[in-house]
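Below is one structure, written out as structure tokens; the observations come after it.
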Amino acid sequence: MNRVRVVEPDQRIPEVPEAIFLFRSCTGSMEYPGTENAIKEILKLLGIEVVMDPDQTCCSGYLLTCSGYLPEFSLGVTARNMSIIEKSGLPPYVFCNGCYGYLSELTHIMEHNPAYKDMANGLIGSLGYHYKGGNNIFHVQELYYRLKDEIAGKVVRPLNGLRVGCHYGCHYLANQYGILDDGGYPAFHEELIEALGGTPVFYKERQMCCGYSVGRGFTHKEELVQPHLYKKFKSAREAGVELITTVCPGCNVALDREQPALAKKGYEFDIPVIDMGQLIALALGVPVEKLGFGANTVSVDKVLKKLGVGKGD
Amino acid sequence: MVIFLPREKAGELVDGLYKKVDSYHLVENLESCLACGKCVGNCPVASLTPSYNPRQIIRDVLTGNMRRWLQSEEIWRCFWCAGCYTGCPVDIHYPMLVMQLRFRAIENQYGLKYFTPFKRFALRAREDALTFAPGAKGRERIMRLRTAMGVSPWPEVSEKAVAEYKALFDMTGTTEWLNAINDEDDKPVSLTYAAGRIKDEQS
Numbered sequence: 139m140n141r142v143r144v145v146e147p148d149q150r151i152p153e154v155p156e157a158i159f160l161f162r163s164c165t166g167s168m169e170y171p172g173t174e175n176a177i178k179e180i181l182k183l184l185g186i187e188v189v190m191d192p193d194q195t196c197c198s199g200y201l202l203t204c205s206g207y208l209p210e211f212s213l214g215v216t217a218r219n220m221s222i223i224e225k226s227g228l229p230p231y232v233f234c235n236g237c238y239g240y241l242s243e244l245t246h247i248m249e250h251n252p253a254y255k256d257m258a259n260g261l262i263g264s265l266g267y268h269y270k271g272g273n274n275i276f277h278v279q280e281l282y283y284r285l286k287d288e289i290a291g292k293v294v295r296p297l298n299g300l301r302v303g304c305h306y307g308c309h310y311l312a313n314q315y316g317i318l319d320d321g322g323y324p325a326f327h328e329e330l331i332e333a334l335g336g337t338p339v340f341y342k343e344r345q346m347c348c349g350y351s352v353g354r355g356f357t358h359k360e361e362l363v364q365p366h367l368y369k370k371f372k373s374a375r376e377a378g379v380e381l382i383t384t385v386c387p388g389c390n391v392a393l394d395r396e397q398p399a400l401a402k403k404g405y406e407f408d409i410p411v412i413d414m415g416q417l418i419a420l421a422l423g424v425p426v427e428k429l430g431f432g433a434n435t436v437s438v439d440k441v442l443k444k445l446g447v448g449k450g451d
Numbered sequence: 025m026v027i028f029l030p031r032e033k034a035g036e037l038v039d040g041l042y043k044k045v046d047s048y049h050l051v052e053n054l055e056s057c058l059a060c061g062k063c064v065g066n067c068p069v070a071s072l073t074p075s076y077n078p079r080q081i082i083r084d085v086l087t088g089n090m091r092r093w094l095q096s097e098e099i100w101r102c103f104w105c106a107g108c109y110t111g112c113p114v115d116i117h118y119p120m121l122v123m124q125l126r127f128r129a130i131e132n133q134y135g136l137k138y139f140t141p142f143k144r145f146a147l148r149a150r151e152d153a154l155t156f157a158p159g160a161k162g163r164e165r166i167m168r169l170r171t172a173m174g175v176s177p178w179p180e181v182s183e184k185a186v187a188e189y190k191a192l193f194d195m196t197g198t199t200e201w202l203n204a205i206n207d208e209d210d211k212p213v214s215l216t217y218a219a220g221r222i223k224d225e226q227s
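Protein sequences appear in the order of chains R and E.
The numbering used here puts the first residue of the first sequence at 139, with every later residue one more than the last.
The numbering used here puts the first residue of the second sequence at 25, with every later residue one more than the last.
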């Protein structure tokens with residue numbers, strides 16, 4: 139237990155990479171495709187090349203933790219995806235907390251249980267892959283924070299004090315070791331919001347889980363997920379949050395798609411939820427058509443209006 | 025009338041239960057649990073379900089009381105947010121325990137109705153190499169959104185990726201395992217733990 143818990147951004151990413159391997163997120167490319175595109179647009183502006191590989195599959199951690207996959211399968215899939223990343227020679231960046239958590243956890247298991255690594259290599263060996271191991275896995279939020287000053291310098295549409303409540307999601311901070319901030323009380327998203335000219339809001343249930351984790355939205359929606367989200371949104375509204383940002387498309391689904399159901403029960407919050415990348419892209423002047431806000435259930439229009447962003451901007 | 029305290033009978037306890045539950049060796053430090061209760065304090069589910077108590081479930085696994093958690097609805101409630109793990113002073117990965125408790129429950133056909141949706145999603149993901157790819161109507165919506173942004177209409181997943189994903193499903197026995205689970209065999213579960221705290225009237 140002598141590993142370092144919190145690392146400085148320039149220790150975590152000593153040198154800003156020229157190119158990254160962007161790990162496709164299922165939800166981030168289908169439910170909210172604007173998430174994936176926003177990252178590509180931001181990194182284009184920052185001069186970082188984005189490489190994606192069509193041979194990469196789902197990280198397959200989510201359904202494992204729902205007990206829907208056997209661990210042997212998810213370990214095999216992780217080893218296969220990691221071997222594709224290793225072959226590219228680029229640092230892997232994910233944009234979903236789920237992918238981050240599951241890839242880190244499953245590679246950690248293989249690092250510390252050679253039998254599991256051998257098992258996984260046995261499986262993927264028959265498909266022509268080999269997983270070496272020892273890789274670092276990054277989340278794009280780490281890159282944003284590392285490049286906070288560069289991003290601040292490129293802002294062309296400042297957020298004009300927009301009151302933004304951040305939602306960190308669980309599976310980045312829950313990793314506990316080698317992360318950018320204190321898992322108990324993080325604040326690096328708020329620093330990013332300030333850099334973009336917004337007003338970060340520390341609402342009471344800021345760190346509360348999105349409630350959709352491991353599919354409880356399918357099994358315990360009425361008795362658990364909705365009262366849970368009610369608490370979260372209530373505290374956000376009381377603190378005057380105008381927009382919630384996430385760094386996980388999965389959290390985005392929970393926080394955005396569930397609001398009409400709460401409204402039907404008489405609890406209308408109407409707080410738009412977008413990805414941190416989409417907000418950064420917006421501040422950096424990326425055309426709004428490139429950010430896919432059409433995918434959102436709760437309309438983002440009032441935020442765009444406040445920022446003075448219209449169609450074609 | 026004499027009321028006896030509910031007691032566990034030694035004969036009903038399962039010897040070496042902890043090793044049987046943690047068959048994948050993912051939570052090997054469970055015995056170091058200090059019963060400090062930080063897991064319960066950090067748990068969003070416990071705050072809404074007075075009878076959900078990770079500390080008590082850990083105790084039952086360690087003492088061998090299999091019947092109580094196996095037939096409980098509580099084990100199906102965990103969000104896997106890992107708030108318990110973040111707060112744990114001895115780094116017990118409780119979510120990994122829950123995952124394995126659920127595998128044991130599925131083996132014993134308890135609470136299958138909480139598993140059925142994921143069986144469906146998993147078999148669907150086998151065809152796409154993506155999780156939660158929707159049906160025809162949803163696909164159209166995704167393609168419209170992506171096209172409007174000027175990117176490929178569908179996430180670029182190669183045929184090779186899909187074929188190899190499917191192959192891994194079959195090689196690891198996951199397809200067979202999923203197909204063998206029949207939700208008609210479902211044995212009902214109920215809230216079996218005693219409520220430990222006062223329910224918040226507001227929620």
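For each residue, glycine too, the CB sits at the ideal point set by N, CA and C.
Fair warning: this is a prediction, and the values are worked out from it, not measured in the lab.
For R:R141 and E:M167, what's the separation of their Cα atoms in angstroms?
45 Å
In chain R, what lies closer than 8 Å to E:T196 by C-beta?
L208, E210, F211, G214 and L261
Of all the CB atoms in chain R, is at least one closer than 8 Å to the CB of E:W104?
yes
Considering R:F159, what are the terminal residues of the beta strand (DSSP E) in which it resides?
A157 to F161
Got a sec? Which residues, its chain only, sit under 6 Å from R:G303 by beta carbon, not counting five neighbours each side?
V339, Y341, A374, V379 and I382
In whole angstroms, what is the alpha-carbon distance linking R:A333 and E:S71?
35 Å
Where R:E371 and R:H268 are concerned, what is the direct C-alpha to C-alpha distance, given to the nearest angstrom?
In the sequence as displayed, the identity of residue 371 of chain R is Phe instead of Glu. Roughly 46 Å separates the two Cα atoms.
Using a Cβ-Cβ distance under 8 Å, would E:V26 count as near chain R?
no
For E:V85 and E:Y42, what's the separation of their Cα atoms in angstroms?
5 Å
Please name the residues in the region 58-72 of chain E whose beta-carbon is closer than 9 Å to at least one beta-carbon of chain R, in chain order.
P68, V69, S71 and L72
With a threshold of 16 other CB atoms inside 10 Å of the CB of E:K33, please say whether the residue is buried or exposed.
exposed
Tell me, to the nearest whole angstrom, how far the beta carbon of E:P141 is from that of R:F356; I am working on the premise that it is less than 8 Å.
4 Å
Contact set between R:E427 and chain E, taken where Cβ atoms lie within less than 9 Å
A172, M173 and G174
With 7 Å as the C-beta to C-beta threshold (strictly closer), list the residues of the region 134-156 of chain E near chain R in chain order.
Y138, F139, P141, F142, K143, F145, A146, A149, A153, L154, T155 and F156
Can you tell me whether R:A419 sits near the ligand GDP, meaning its C-beta is under 7 Å from at least one heavy atom of the ligand?
In terms of ligand content, the structure shown is empty, and the ligand GDP therefore cannot be addressed.
Going by other Cβ atoms of all chains shown within 10 Å of its Cβ, with 16 needed for buried, is R:Q345 buried or exposed?
buried
So, using beta-carbon positions, are E:Y189 and R:T195 closer together than 8 Å?
yes
At least one CB of chain E closer than 8 Å to the CB of R:Q397: is that the case?
no
In angstroms with no decimal places, state the Cα-to-Cα distance between R:P410 and E:T110.
29 Å
Integer-rounded CB distance, given that E:I99 should sit under 8 Å from E:V64
Rounded, the Cβ-Cβ distance is 15 Å, inconsistent with contact.
Nearest neighbour of E:H49, chosen from E:Q124, E:T155 and E:R144 [CA to CA]
E:Q124
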